[in-house]
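Just so we're aligned: the sequence shown equals residues -10 to 262 in this note's numbering.
Each residue gets a CB set at the ideal place from its N, CA and C atoms; glycine is no exception.
All values derive from a computational prediction rather than experimental measurement.
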Amino acid sequence: MPNRSDRDPDAGRRRAAAALADARRVLVLTGAGISADSGVPTFRGEDGLWRDHRPEELATPEAFARDPRLVWEWYGWRRRTVAGCEPNPAHLALARRAARDEGFWIATQNVDALHEEAARRVSEGGDGPEDGGEEEGAAPDRLLELHGSLFRIRCTGCGRRAPHREQVDASELATLPRCGACGALLRPDVVWFGESLEPDVLEAAGRAARTCEVCLVVGTSAVVQPAASLAVSAARSGALLVEVNPEETPLSARADVRLAARAADALPGLLGD
Ligand code: NAD
Ligand code: ZN
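Quick look at the structure:
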């Protein structure tokens, strides 16, 4: 069913901005598109390829079991690619709203940690949580990294997790990082193809979807689960569904407001930033 915003983008923009301003609970779902404006390559683009390997060949538990050195070498390249990128106005507008609004949730499929970096910048800029507490960035418990982070590691033995930004020497197996506690190999703390999402994170995202008044979906092709099902669940529970994406997606037909725009252009205005 065509919606109003397709015929009159300004009316759609106003409707979405007003709903976002009034809502007590909001869930924002983001995908690779929000970071495209920061220069992070999406998997689908040519830049997503590394030495002719497709991500599906390397981002799997089987690939890591077979050749952990190659997988770490690829993650080293991905970390370097992302480390040179900055949060853009879309990440910053979301971080500012999340810092002042306890009903504002961000669930991202991205592993680039740019939402976290934006939150850190906002809190350092004196625009963060009122208590000025010790947390790193704004309210990390309302930032749900559905697929983990390039800048965290997890032990393949004891499961210990930790932030990790140091360079990894992937020149040989012997130099790969190992757990200080149990000696097993450390792996990137990301959800690989064929793996399940963290139950706690998924549960929190599901709850946010069922209870939000507005669900804002930004820069995801909505073909990777659970982004699509979270948005559908929000819409079924009565939330206004707003999509920001220059291209149509399988969700577009269900959106109450569809904005064919780039995230960095649309979000600051939508969030009154
Ligand atoms: P996707 O690559 O499947 O789709 C990206 C979507 O963003 C497309 O629909 C595209 O039209 C839209 N888009 C492009 N530029 C945009 C812009 N400037 N503003 C708004 N939208 C824009 O991404 P996905 O749906 O997130 O799924 C990809 C999977 O790959 C995820 O599971 C994710 O974990 C992983 N991944 C992550 C990153 C990252 O961390 N930045 C990058 C590549 C892939
Ligand atoms: Zn361990």
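Nearest to Arg167 by alpha-carbon distance, out of Arg225, Glu236, Cys144, Gly261, is Cys144.
The three-state secondary structure of Pro152, taken from DSSP, is strand. Membership of Val233 in the beta strand (DSSP E) is indicated by the continuous run 229 to 233. In chain order, Leu16, Trp94, Ala96, Leu133, Leu135, Pro215, Leu219 place their CB closer than 8 Å to the CB of Ala194, counting only its own chain and leaving out the 5 sequence neighbours on each side.
Around Gly172, the same chain offers Gly146 as residues with beta carbons nearer than 8 Å, after the five sequence neighbours per side are excluded. The beta-bridge partner set that DSSP reports for Thr200 is empty. A straight line joining the alpha-carbon of Ala217 with that of Leu240 spans about 7 Å. Beta-bridge pairing by DSSP links Ala96 to Leu18, Leu133.
Taking the C-beta atoms as reference points, Ser222 is found nearer than 8 Å to Ala198. Relative to the non-hydrogen atoms of the ligand ZN, the Cβ of Gly146 comes within a distance shorter than 7 Å of at least one. Glu113 and His80 have their C-alpha atoms spaced approximately 15 Å apart. For a cut-off of 8 Å, the C-beta gap from Ala228 to Val203 is around 6 Å, short enough to register as a contact. Relative to the ligand NAD, the beta carbon of Thr209 is positioned inside 7 Å of a heavy atom. Going by DSSP, Leu59 is part of the alpha helix (DSSP H) stretching over 57 to 72.
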